[in-house]
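Just so you know, we're using the working numbering here: the sequence shown kicks off at 194 and counts up by one.
Here a beta-carbon is modelled for each residue, glycine too, at the ideal position from N, C-alpha and C.
Okay, structure first, notes after.
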Amino acid sequence: MQTSRELENAYRRVERHRTEGTPMTVWQRECLGKMDTSNGKSEPITISPSKSRALRIAGPLSQTDSAFAGFFAEACRACTGRFVFRTREFAATILTGIPTDVKYKAVSYVWGEVKNLGIYCRCGERKDIPMAGPDRFSTLLSLAATKNDCDGVWLDALSIDQDSHSDKQIQIAAMGQIYDRAETVLVLLPAADQDCFTNLRVMMNAALEQDGMGLLDFEKITWDTFNASHQTVVEFFLASFEDHKRGVHSSTYFRRAWTFQEWALAKDVDVACENRQSDEGAMALLPNVKTCVIRAAVRLSMHLKTFQSMASAAVKCRMKVADVPAFVEDLMGLFPQEDVFCSSEEVDWNEVFVDNIFPFTGMHNQLRLRLAGKERTSEQRFRTRLHLMLNAFNLSERKARFPADLVACWASMCNVAYDYQNNDHVHVALKKVVDAIRGRGVKIYNFQANIAGASAEMDLDFYTYAMDQPMRNSTNRALTFGAPSFTGVSDFAQHLRTSLDEKPECRLEGNGVALRRVIGARIDTIIPADNIDAVCEELSRIQTGYWEEISLLATFRDLRDVARPNLQAMAHAELQKFQLVTISFHDANKLLPYEPQEDPEEVAKRQKEMVDDYNLLMSLDMANPGKHKPVTSVPSIKLAPEVEYLKHAWAICPTARLDRSVFVAREGLNGTLVLAKPLGATFTVISYLTGVDKMSGAYLLPTDSDGEMKVILRAPQRPDINAAAKGGFYANRDRRCIALFQLDDVEYMAF
Numbered sequence: 194m195q196t197s198r199e200l201e202n203a204y205r206r207v208e209r210h211r212t213e214g215t216p217m218t219v220w221q222r223e224c225l226g227k228m229d230t231s232n233g234k235s236e237p238i239t240i241s242p243s244k245s246r247a248l249r250i251a252g253p254l255s256q257t258d259s260a261f262a263g264f265f266a267e268a269c270r271a272c273t274g275r276f277v278f279r280t281r282e283f284a285a286t287i288l289t290g291i292p293t294d295v296k297y298k299a300v301s302y303v304w305g306e307v308k309n310l311g312i313y314c315r316c317g318e319r320k321d322i323p324m325a326g327p328d329r330f331s332t333l334l335s336l337a338a339t340k341n342d343c344d345g346v347w348l349d350a351l352s353i354d355q356d357s358h359s360d361k362q363i364q365i366a367a368m369g370q371i372y373d374r375a376e377t378v379l380v381l382l383p384a385a386d387q388d389c390f391t392n393l394r395v396m397m398n399a400a401l402e403q404d405g406m407g408l409l410d411f412e413k414i415t416w417d418t419f420n421a422s423h424q425t426v427v428e429f430f431l432a433s434f435e436d437h438k439r440g441v442h443s444s445t446y447f448r449r450a451w452t453f454q455e456w457a458l459a460k461d462v463d464v465a466c467e468n469r470q471s472d473e474g475a476m477a478l479l480p481n482v483k484t485c486v487i488r489a490a491v492r493l494s495m496h497l498k499t500f501q502s503m504a505s506a507a508v509k510c511r512m513k514v515a516d517v518p519a520f521v522e523d524l525m526g527l528f529p530q531e532d533v534f535c536s537s538e539e540v541d542w543n544e545v546f547v548d549n550i551f552p553f554t555g556m557h558n559q560l561r562l563r564l565a566g567k568e569r570t571s572e573q574r575f576r577t578r579l580h581l582m583l584n585a586f587n588l589s590e591r592k593a594r595f596p597a598d599l600v601a602c603w604a605s606m607c608n609v610a611y612d613y614q615n616n617d618h619v620h621v622a623l624k625k626v627v628d629a630i631r632g633r634g635v636k637i638y639n640f641q642a643n644i645a646g647a648s649a650e651m652d653l654d655f656y657t658y659a660m661d662q663p664m665r666n667s668t669n670r671a672l673t674f675g676a677p678s679f680t681g682v683s684d685f686a687q688h689l690r691t692s693l694d695e696k697p698e699c700r701l702e703g704n705g706v707a708l709r710r711v712i713g714a715r716i717d718t719i720i721p722a723d724n725i726d727a728v729c730e731e732l733s734r735i736q737t738g739y740w741e742e743i744s745l746l747a748t749f750r751d752l753r754d755v756a757r758p759n760l761q762a763m764a765h766a767e768l769q770k771f772q773l774v775t776i777s778f779h780d781a782n783k784l785l786p787y788e789p790q791e792d793p794e795e796v797a798k799r800q801k802e803m804v805d806d807y808n809l810l811m812s813l814d815m816a817n818p819g820k821h822k823p824v825t826s827v828p829s830i831k832l833a834p835e836v837e838y839l840k841h842a843w844a845i846c847p848t849a850r851l852d853r854s855v856f857v858a859r860e861g862l863n864g865t866l867v868l869a870k871p872l873g874a875t876f877t878v879i880s881y882l883t884g885v886d887k888m889s890g891a892y893l894l895p896t897d898s899d900g901e902m903k904v905i906l907r908a909p910q911r912p913d914i915n916a917a918a919k920g921g922f923y924a925n926r927d928r929r930c931i932a933l934f935q936l937d938d939v940e941y942m943a944f
């Protein structure tokens, strides 16, 4: 064990180099202040090989040295299973391993360019940890000691044994659990993120002022007083929200993969920033940022939705009723909280319609809010976290030291177990994770084929389709009903544009996917993508769906108006690399008779709920009290979905891959229809076929093993106008697109 004399000599040497220019931290000065330095030696310490785990000081200590010795711990992993640091100002306990049965906080910060920082314990143990410098570590300890109301703090540089590969793997895979179970996450923004800290502080101040103004206390305030006293607060809140949304794209902290994970999983966050102090000289800290911002944003959204056009006129802020869904989507991405928000899978879209017409009866579905007390199963929790975190991850471009960490960060959030290797190519790591998720029974659709291997197994554009997409032909900033990777339905414009991007050559080892030829399907047309007019007309010819009859209230624009600018934005030479291929089915496939699948009791229950909501709304008409008599039915609300029969499909194919050997097939992984061709002794998928719908976007064609396809096509409604097509409101605008394909019994293997 290290002698006290050796420790004293070490600290004297540190003090000598401090006077020569090496910066000393408050903690180092504190340690030195406890020792008598009058008779110490200043020579370097020599340690025998048998004491390799004891105190070591390597080389001269200068500002460019890779190791900085000087932090002293009262206890460490070796002697007590935790690190304890103590100064006159604070005490900090750092837990080791995965915390269990304790209340703890977790720390989130950017590693940056790290060096080895020595931690010395009374027991004689030395531990080198990766750290940007002693000042950073001192700041982290100060942050860890704030609000000392927990058993300890989890700090990755110390809590993970940096010398143990197995401990790294175990704890990295459990990051989701660690940050999710923390009481609070303590966030330290780097000095470069001063603007982000300022935006958060302004947003917090405006949110807290809203709390004191009774924003929803409609009985005690008038519109005039509301306008006079609240306008500035709301404007400040929304302006800082937009500034923060723009700022995260250039932020050091918010763009890093691992810090994104830590922020996203936190139930709540306390935020500090390097070099930012309060008026009292202490570290400036913004407490409970997530809770405060989410509460204010939800209150404002509820207010706008409840009073609709009156609210947007009275509160001259930057948001209208039609903007609320997109605003909530941004809120979920910037301040993720899985206990507060629902994934798109959990939303009752029929109730969204009812909430839109009768906002006084509730709007949790519209605002994607999770009802209190509604428990999730472990599988539901996994799927919800996967959807919410992928949505948030894709909000901005992320960075990581190792490309594989761009996958590991969100995979570990969801506790996905796989063979993590930090030297993996990002697409190799992505395939490992996607395979592991599929192994848990989650269907992940592919929209783009990887022509260089695993063609029917891995979509290199996974991230493009793993988030809710804006529907670019809608007039109301509508979003897809969930991420296309999980629903099989994408925004048409996004899918078209992604299909026209040249894919990287990524060699992936596939397990092989069975293909079965679709008998009778034929190629109708092949049109060069640079023939823009012909491409637009052909897509218009094969689309399904209908238009609203009232053009003023129309929710959707012609798909040609969306396709044309996307094609025109590309260079002619790039368009020449692709062809539009359309497929015809109607001559070769039977059409299924339509039979309503809805439970009659469920339909009757929903109809009764709508009648009750309608009567309640009419009873609230203060201008005409008693005028409206209760009704027993609302005939203008239609429940039965309509039917479309699939006749055509389309795909964008690389010109170099098209020849007479191409055929239509069903792939066995997800059952979707593809264009495939022979490749040597095996086969390869060159494109995925989709249908195109005016109101729903581009949809894959999944079939069962008998060739039967039933696709639900959902269309969003305007949240600011209660109108729909064909003379009435539609509580369920779903349509079923159906077909029955004849499949060959012979199977081919695609790699």
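Among the options, which residue has its Cα nearest to the Cα of residue i?
{"i": "F276", "options": "A299, L701 and W347", "result": "W347"}
{"i": "D541", "options": "P663, R907 and M942", "result": "R907"}
{"i": "Q559", "options": "A585, D516 and L732", "result": "D516"}
{"i": "N549", "options": "R563, L579, V514 and S536", "result": "V514"}
{"i": "Q395", "options": "F430, F876 and Q364", "result": "For the sequence presented, residue 395 should be read as Val rather than Gln. With distances taken between Cα atoms, V395 lies closest to F430."}
{"i": "I720", "options": "Q772, M525, H557 and V878", "result": "Q772"}
{"i": "T875", "options": "G646, S571, C607 and F778", "result": "G646"}
{"i": "V427", "options": "F944, M476, A489 and R750", "result": "A489"}
{"i": "F934", "options": "L839, F944 and L893", "result": "L839"}
{"i": "A642", "options": "L599, K870 and P292", "result": "K870"}
{"i": "E376", "options": "L334, P663, D342 and S357", "result": "D342"}
{"i": "C314", "options": "P292, G274 and Y297", "result": "G274"}
{"i": "Q662", "options": "S648, H688, C846 and S605", "result": "H688"}
{"i": "N759", "options": "R734, E731, K770 and A722", "result": "A722"}
{"i": "L701", "options": "A604, A649, T570 and A727", "result": "A649"}
Cutting at 7 Å between CB atoms, please list the residues of its own chain near residue i, excluding the five before and the five after it.
{"i": "I716", "result": "V774 and I776"}
{"i": "K625", "result": "Y611 and D612"}
{"i": "S678", "result": "I637, Y638, F655, Y658 and A659"}
Are there 16 or more other CB atoms within 10 angstroms of the CB of residue i, so buried, or fewer, so exposed?
{"i": "R859", "result": "buried"}
{"i": "G890", "result": "buried"}
{"i": "P697", "result": "exposed"}
{"i": "H442", "result": "exposed"}
{"i": "H496", "result": "buried"}
{"i": "L401", "result": "exposed"}
{"i": "M217", "result": "Because M217 carries a pLDDT of 38, less than 50, the predicted location of this residue cannot be relied on, and the following value inherits that uncertainty. The residue in question, M217, is buried, as its Cβ has 16 or more Cβ neighbours within 10 Å."}
{"i": "I712", "result": "exposed"}
{"i": "K498", "result": "buried"}
{"i": "H765", "result": "exposed"}
{"i": "S854", "result": "exposed"}
{"i": "L768", "result": "buried"}
{"i": "N468", "result": "exposed"}
{"i": "N704", "result": "exposed"}
{"i": "D852", "result": "exposed"}
{"i": "L564", "result": "exposed"}
Between residue i and residue j, which are expected to be in contact by the criterion C-beta below 8 Å, what is the C-beta distance as a whole number of angstroms?
{"i": "A284", "j": "A338", "result": "6 Å"}
{"i": "V464", "j": "F520", "result": "No, V464 and F520 are not in contact; Cβ-Cβ is about 22 Å, not under 8 Å."}
{"i": "M660", "j": "A676", "result": "5 Å"}
{"i": "M902", "j": "I931", "result": "6 Å"}
{"i": "L752", "j": "N616", "result": "Actually they do not touch by this definition, with Cβ atoms about 44 Å apart."}
{"i": "G738", "j": "D523", "result": "That belief does not hold up - the Cβ atoms of G738 and D523 are roughly 28 Å apart, past 8 Å."}
{"i": "Y372", "j": "E306", "result": "Between E306 and Y372 the Cβ distance is about 24 Å, and since that is not below 8 Å, they are no contact."}
{"i": "P686", "j": "V755", "result": "Contrary to the premise, residue 686 reads as Ala rather than Pro in this sequence. Between V755 and A686 the Cβ distance is about 5 Å, and since that is below 8 Å, they are a contact."}
So, at 6 Å on beta carbons, what are the nonlocal neighbours of residue i in its own chain, with the 5 sequence-adjacent residues on each side left out?
{"i": "A457", "result": "P529, M582 and A585"}
{"i": "A399", "result": "V426, F429 and F430"}
Between which residues of its own chain and residue i is the CB-CB distance below 8 Å, once the five residues before and five after are set aside?
{"i": "G226", "result": "Residue placement at G226 is flagged as unreliable, the pLDDT there being 36, under the threshold of 50; a coordinate-derived value is accordingly withheld."}
{"i": "D410", "result": "Model confidence at D410 stands at a pLDDT of 41, short of 50, so the residue's coordinates are unreliable; what they give is reported in the following sentence. Hits under 8 Å: none found."}
{"i": "Q614", "result": "A597 and A622"}
{"i": "E538", "result": "R576, T577, H580, G675 and F679"}
{"i": "I291", "result": "I363, Q364, A367, Q370 and I371"}
{"i": "V939", "result": "R709 and R710"}
How do the region 689–707 and the region 894–903 stand: do at least 3 beta-carbon pairs fall below 8 Å, yes or no? no
Is it true that the region 584–599 meets the region 441–461, where meeting means three or more beta-carbon pairs spaced less than 8 Å apart? yes
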